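Numbering (the numbering used here), first residue to last: 1 to 245.
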Ligand SMILES: Nc1ncnc2c1ncn2[C@@H]1O[C@H](COP(=O)(O)OP(=O)(O)OP(=O)(O)O)[C@@H](O)[C@H]1O
Ligand SMILES: [Mg+2]
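Written as structure tokens, this is what we have:
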């Protein structure tokens with residue numbers, strides 16, 4: 001299958017008073033068309049930094065990535081049109097309603113108004129947030145806000161989704177709604193890269209998992225292969241055996 005996301009030796013170091021943090025230290029992997037790939041790692045492992053680089057929010061020190069056929073350094077505009085990026089920190093305009101928020105973004109993407117109207121209805125229904133569509137975002141709960149951000153991406157309907165902890169702040173039911181929706185999108189052929197530190201979520205959603213620790217990928221495999229390689233039964237045990245070395 002065609003590779004929709006391909007990272008090539010990406011590095012990003014940050015300097016601080018305490019010294020250099022090797023946030024991303026030479027990461028390469030690829031995500032195939034129609035695949036869900038989970039980047040799984042502990043706090044500070046470099047997940048958000050990696051995803052921000054892919055979303056062209058941040059420039060790598062070296063290395064690059066090809067997304068939907070476009071180089072993140074040479075054709076960032078085309079990359080941006082190809083992806084939906086869910087940032088870890090909320091990028092919501094709090095004075096707007098979810099409906100207005102989605103309209104504005106869809107217009108920036110150049111999607112016709114009638115198409116937006118139809119997709120918005122479908123997505124709000126699927127994520128169960130129709131009843132909040134006219135409430136000011138400021139007044140919504142954290143979980144509903146997360147769903148608004150996600151529905152915004154879905155209305156824009158890009159072929160590649162890059163989601164930084166998509167279930168962050170969601171209760172079990174809301175997380176399930178989002179997870180089911182992601183599986184549906186995968187069936188439709190979308191390519192999805194998520195970051196998470198929830199092992200059950202990675203196990204439930206992902207075709208392949210990349211375990212990241214201290215800026216490096218320590219293992220990439222399907223759950224089954226990881227099980228064989230580590231001799232551990234649960235993903236939690238596998239994860240700990242890989243990151244505690
Ligand atoms: N702008 C920045 N300036 C300095 N250091 C940074 C910056 N952004 C990230 N870092 C550092 O880089 C490392 C990786 O951070 P990153 O946010 O990518 O981790 P993460 O895997 O997303 O963690 P979490 O699970 O907590 O979200 C951390 O040590 C972090 O403190
Ligand atoms: Mg993060």
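In this text, a Cβ means the ideal position worked out from N, Cα and C, and glycines have one as well.
Given the structure is predicted, the values throughout are model-derived calculations rather than measurements.
Closest by C-alpha distance to residue i, when choosing among the options
i: residue 197; options: 156, 75, 47; result: 47
i: residue 4; options: 159, 62, 241; result: 159
i: residue 215; options: 19, 42, 6, 34; result: 42
i: residue 211; options: 187, 10, 8, 27; result: 27
i: residue 202; options: 224, 188, 67; result: 224
i: residue 153; options: 192, 187, 30; result: 192
i: residue 209; options: 190, 239, 102, 20; result: 239
i: residue 205; options: 38, 6, 13, 164; result: 38
i: residue 213; options: 236, 242, 234, 230; result: 242
i: residue 22; options: 163, 6, 45; result: 45
i: residue 50; options: 221, 118, 222, 195; result: 195
i: residue 147; options: 24, 157, 123, 190; result: 123
i: residue 199; options: 20, 18, 237; result: 237
i: residue 31; options: 227, 84, 207, 109; result: 207
Residue i (DSSP reduced to helix, strand or coil)
i: residue 82; result: helix
i: residue 111; result: coil
i: residue 181; result: helix
i: residue 157; result: coil
i: residue 129; result: coil
i: residue 57; result: coil
i: residue 93; result: coil
i: residue 9; result: strand
i: residue 51; result: helix
i: residue 3; result: strand
i: residue 140; result: coil
Continuous beta strand (DSSP E) stretch holding residue i: start and end
i: residue 63; result: 62–67
i: residue 191; result: 191–196
i: residue 213; result: 208–213
i: residue 39; result: 36–40
i: residue 23; result: 19–32
Buried versus exposed call for residue i [16 or more other C-beta atoms within 10 Å across all chains shown]
i: residue 120; result: buried
i: residue 172; result: exposed
i: residue 72; result: buried
i: residue 175; result: buried
i: residue 151; result: buried
i: residue 165; result: buried
i: residue 98; result: buried
i: residue 95; result: exposed
i: residue 29; result: buried
i: residue 60; result: buried
For residue j and residue i, believed in contact at Cβ under 8 Å, the rounded distance
i: residue 218; j: residue 155; result: Wrong, their Cβ atoms sit about 36 Å apart, outside the cutoff.
i: residue 137; j: residue 131; result: Their Cβ separation, rounded to whole angstroms, is 14 Å, which puts residue 137 and residue 131 out of contact at 8 Å.
i: residue 178; j: residue 127; result: 7 Å
i: residue 80; j: residue 56; result: 6 Å
i: residue 11; j: residue 24; result: 6 Å
i: residue 162; j: residue 54; result: 6 Å
Residue range of the alpha helix (DSSP H) that includes residue i
i: residue 225; result: 223–230
i: residue 240; result: 235–243
i: residue 202; result: 199–205
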